[in-house]
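Report on one structure; see the data block that follows.
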Amino acid sequence: VAVAGRFVYALILDDDPSIGRVMCRVAQAAGLSALSVTDAAAFQTRYRLAPPDAILLDLQIGDDDGIAQLRFLAAQHYSRPVILVSGFDRRVLAAAERLGRDLGLDIIASLVKPFRAEELTALFERLMIRPDVPTIEQLRDAIGTDQLVLEYQPIVEPAHRQLAQLE
Numbered sequence: 104v105a106v107a108g109r110f111v112y113a114l115i116l117d118d119d120p121s122i123g124r125v126m127c128r129v130a131q132a133a134g135l136s137a138l139s140v141t142d143a144a145a146f147q148t149r150y151r152l153a154p155p156d157a158i159l160l161d162l163q164i165g166d167d168d169g170i171a172q173l174r175f176l177a178a179q180h181y182s183r184p185v186i187l188v189s190g191f192d193r194r195v196l197a198a199a200e201r202l203g204r205d206l207g208l209d210i211i212a213s214l215v216k217p218f219r220a221e222e223l224t225a226l227f228e229r230l231m232i233r234p235d236v237p238t239i240e241q242l243r244d245a246i247g248t249d250q251l252v253l254e255y256q257p258i259v260e261p262a263h264r265q266l267a268q269l270e
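Okay, so the sequence shown: first residue is 104 according to this note's numbering, each after it adds one.
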């Protein structure tokens with residue numbers, strides 16, 4: 104649950120349990136609660152139980168891959184920050200970032216393994232102060248997919264009980 108623009112729950116998908124534990128400890132030190140899972144099925148189950156405020160996603164997760172999880176998140180209309188993590192080189196991460204953004208996801212960063220705890224801490228701290236405001240891309244996507252609803256408030260003329268105008 105996000106509290107007043109603060110992010111408090113991160114879901115981590117990494118097939119290496121020790122890396123997941125490290126990421127959880129770093130998240131907790133930064134003031135977030137975090138849960139790490141090691142496979143796509145557990146990730147999707149946890150997501151459905153309680154959509155997280157932020158996701159850390161390894162691109163290489165055993166028999167599955169992070170790209171499939173990006174597609175899953177897009178299908179769920181996930182609009183919170185996503186951080187990609189991978190042992191792949193920077194070009195692969197950059198391509199995954201572009202794909203994630205093209206799918207409408209808020210990819211805020213990517214980390215190349217091995218990464219330093221300070222790098223991850225800095226990202227978590229950015230999440231903690233990030234206001235819960237939609238991006239221009241999210242608004243464009245919402246308009247393009249008819250997710251916005253225009254509601255008019257009637258102003259009635261009391262004497263005649265007629266609609267005078269709308270606001």
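Glycine residues also receive a C-beta, built at the ideal position from the N, C-alpha and C atoms.
Keep in mind the model is a prediction, meaning the values are calculated, not measured.
Under the DSSP assignment, D205 falls in the alpha helix (DSSP H) whose first and last residues are R193 to D205. Here the stretch 220-230 lies against the stretch 122-135, with 3 or more beta-carbon pairs under 8 Å apart. D209 is bridged by DSSP to P184.
Contact between D156 and Y112 is confirmed by a C-beta separation of about 5 Å, below the 8 Å threshold. Here R243 is exposed, its C-beta having fewer than 16 other C-beta atoms within 10 Å. Selection R128, V185 and E270 evaluated against E254 yields E270 as nearest (Cα-Cα).
Residue pairing from DSSP places Y112 in a beta bridge opposite S136. Relative to the Cα of D166, the nearest Cα in the group Q131, R124, D119 and V129 belongs to D119.
A direct Cα-Cα distance of roughly 55 Å separates R201 from P261.
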